[in-house]
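Beneath this line is the structure, given in C-alpha cells, with notes to follow.
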Amino acid sequence: MKISFSNFPQNLSESDIEKIFQEFGEVQKLTLKRDKITKKSMGLGTLEMDDSAGKKSIESLNGKEMEDKKLSVGDLEELQAKVQAGKSGAKTSGYKSGGKMFGNTSGGGSSVGIMRRGGNRGS
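Mapped onto the working numbering, the consecutive letters of the sequence shown carry residue numbers 16 to 138.
Spelled out as C-alpha cells, the structure:
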C-alpha cells in the first residue's frame with residue numbers, strides 16, 4: 016500500500032519518520048520531499064507498507080498532533096482519486112487555477128496572473 020503523509024514536523028529525518036511508521040509494520044520504501052534549494056525537509060512524502068500495516072498506521076496517525084501540528088496520513092491512491100474527481104468536476108470560467116497561476120485570462124489572449132511559491136524557504 017502506498018501512503019501519503021504531510022504536515023509532519025520539518026525537523027524529522029527519513030529515519031525518524033520511518034521509526035514512527037515501523038510501529039505498525041515494515042516500511043518498504045520512504046521518500047521525504049525536500050526543498051530544492053535549502054535541502055530542508057518539507058514535512059511530507061510517501062511510503063510503502065503492506066496493506067494491513069498501512070491501514071493501521073493511517074487509522075492511528077491521521078489527525079494525531081505532533082509538535083503542535085496535526086498530521087495528515089492517508090492512502091495515496093484514494094487521495095489521487097479525490098484530486099482527479101475534483102479536477103474533472105471543476106469549472107475554471109476564465110481563471111487558471113492549476114495550482115500555480117491565478118488571474119483573469121479572458122479577453123485579448125494574454126494571461127496576467129500571480130505566481131505563487133509554496134514552502135518555507137527562509138527558515
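The C-beta atom is built at its ideal place from N, Cα and C for all residues, glycine as well.
No experiment lies behind these values; they were computed from the predicted model shown.
Determine the contact status of residue 64 and residue 36, defining contact as a CB-CB distance below 8 Å.
The criterion of a C-beta distance shorter than 8 Å is satisfied by residue 64 and residue 36.
In angstroms, rounded to a whole number, what distance separates the CA positions of residue 77 and residue 90?
Each residue's alpha carbon lies about 11 Å from the other.
According to DSSP, simplified to helix, strand and coil, what is residue 108?
Because residue 108 sits at a pLDDT of 49, beneath the cut-off of 50, its placement in the model cannot be relied upon, and the point is left open.
Every unbroken alpha helix (DSSP H) inside the stretch 82–106 [4 residues or more]
Counting only runs of 4+ residues, the alpha helix (DSSP H) found wholly inside the stretch 82–106 occupies 91–104, in chain order.
Smallest Cα separation from residue 22: which of 60, 69, 75?
By alpha-carbon distance to residue 22, the top candidate from 60, 69, 75 is 60.
Inter-residue spacing [alpha-carbon to alpha-carbon] between residue 50 and residue 86
Using only the alpha carbons, I get a separation of about 19 Å.
Between which residues of its own chain and residue 81 is the CB-CB distance below 8 Å, once the five residues before and five after are set aside?
In the same chain as residue 81, and ignoring 5 residues on each side of it, the C-beta atoms closer than 8 Å to its own belong to 23, 24, in chain order.
Just how far apart, CA to CA, sit residue 28 and residue 56?
Straight-line measurement puts the Cα of residue 56 at about 7 Å from the Cα of residue 28.
If I follow the unbroken alpha helix (DSSP H) through residue 48, where does it start and stop?
Residue 48 -> not in any alpha helix (DSSP H); beta strand (DSSP E) instead, spanning 44–49.
In three-state terms, what does DSSP make of residue 54?
In the displayed model, residue 54 falls within coil according to three-state DSSP, outside both helix and strand.
Straight-line CA distance for residue 73 to residue 52?
Each residue's alpha carbon lies about 31 Å from the other.
How many Å lie between residue 45 and residue 96 at the Cα?
Going from the Cα of residue 45 to the Cα of residue 96 covers about 21 Å.
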